[in-house]
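Counting in my numbering, the sequence shown runs from 5 upward without gaps.
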Amino acid sequence: MYLASQRKEFILKTLAEHGAARTIALAKQLKVTDETVRNDLINLEKRGFLKRVHGGALALTHKSLHEDIVTQDDVSIRIAKKAVQNIPASVVMFIDSSTMGYQICNHINSRDTHVVSNNPTLLTRLEGIPNLSFYCTGGRFDREALVYVGQEAAKAAGSLSIDMVVLTPDCYSPKHGAGYKNMLQSEFIKSVIPPDAKVIIAMPSTSVANNPAFYTVAPSQISMLITDEALSPEMADQIEKSGVKVELA
5 MYLASQRKEF
15 ILKTLAEHGA
25 ARTIALAKQL
35 KVTDETVRND
45 LINLEKRGFL
55 KRVHGGALAL
65 THKSLHEDIV
75 TQDDVSIRIA
85 KKAVQNIPAS
95 VVMFIDSSTM
105 GYQICNHINS
115 RDTHVVSNNP
125 TLLTRLEGIP
135 NLSFYCTGGR
145 FDREALVYVG
155 QEAAKAAGSL
165 SIDMVVLTPD
175 CYSPKHGAGY
185 KNMLQSEFIK
195 SVIPPDAKVI
205 IAMPSTSVAN
215 NPAFYTVAPS
225 QISMLITDEA
235 LSPEMADQIE
245 KSGVKVELA
């Protein structure tokens, strides 16, 4: 019998090899119910590793046909494009792991950018972009979040002279700042932000004011929050009063 982490690894390996997979076929191969596979796909999609479709899933990194199969709503695309507009040329930038992070990577242009992440799958979105370098931290692999975490990962990131951080957290609070649901990812993010780095948050307004398990980055560390026009004027005012600029996409 496969453990939950082993099922997820099997699903991602299948998608990497074939670009798509059907729920029924995965369930048969893993010897579990269709419902178990659907729950695994939901979990992996929330973490930004695949795109669910009717009857199965698509790989975000399948490029054999040079297609962009990441299909997100217009709001996410606008936020991602606005975030990229705020990335200067010749910057060393850390970006965290999420579906929004994938979308941002879809719109990064060359401009001699250097991208660092603890998500190896996210970085494959940047393959083939000229004059762009990308680095994966390595370290301890968290099977639940499917990212590298821990002291070794933080040390590797710290050696790369990061001067900009783009975060796509699970929530944002005017009082407490950005937060994550995963403890190990939260601890890693805390350790990876240099004191003098510019920090940008990119997230949909629907995630603002959600309650995470772990608040991670205080408003005093954040320069800008990029979100959509559905953010209420009252909330935008509260955020800006905390010293964080609000940009609406």
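Here a beta-carbon is modelled for each residue, glycine too, at the ideal position from N, C-alpha and C.
Item	Value
Near S9, which residues of its chain fall below 8 Å by C-beta distance, leaving aside the five closest residues on each side in sequence?	R147, E148
Assuming V212 and Q189 make a contact with CB atoms under 8 Å, what is their CB distance in whole Å?	That pair is no contact at about 19 Å.
Assuming contact is defined by CB atoms lying nearer than 8 Å, are A206 and T172 in contact in what I supplied?	yes
Within 10 angstroms of the Cβ of S209, are there 16 or more other Cβ atoms? Answer buried if so, exposed if not.	buried
Would you call the segment 113-125 in contact with the segment 84-100, where contact means no fewer than 3 C-beta pairs closer than 8 Å?	yes
Can you look up M207 in the DSSP assignment and give me helix, strand or coil?	coil
Is the distance from the Cβ of A24 to the Cβ of G60 below 8 Å?	yes
How long is the line joining the alpha carbons of A240 and V196, rounded to whole angstroms?	27 Å
Hey, V203 and Q225: beta-carbon distance below 8 Å or not?	yes
Can you check which of these residues, Y219, S102, S137, Y139, is closest to E49 by C-alpha distance?	S102
Just to confirm the assignment: which complete alpha helix (DSSP H) runs, minimum length 4, are found wholly within the segment 60-126?	78-89, 103-111
Spell out whether any CB of chain D is found under 8 Å from the CB atom of H58.	Protein chain content of the structure displayed is limited to a single chain, and chain D is not contained in it.
Kindly give me the distance between the Cβ atoms of D38 and I28, rounded to whole angstroms, as I take these residues to be in contact under 8 Å.	6 Å
State the DSSP-derived secondary structure class of G142, mapped to helix, strand or coil.	coil
On the three-state DSSP scale, how would you describe G183?	strand
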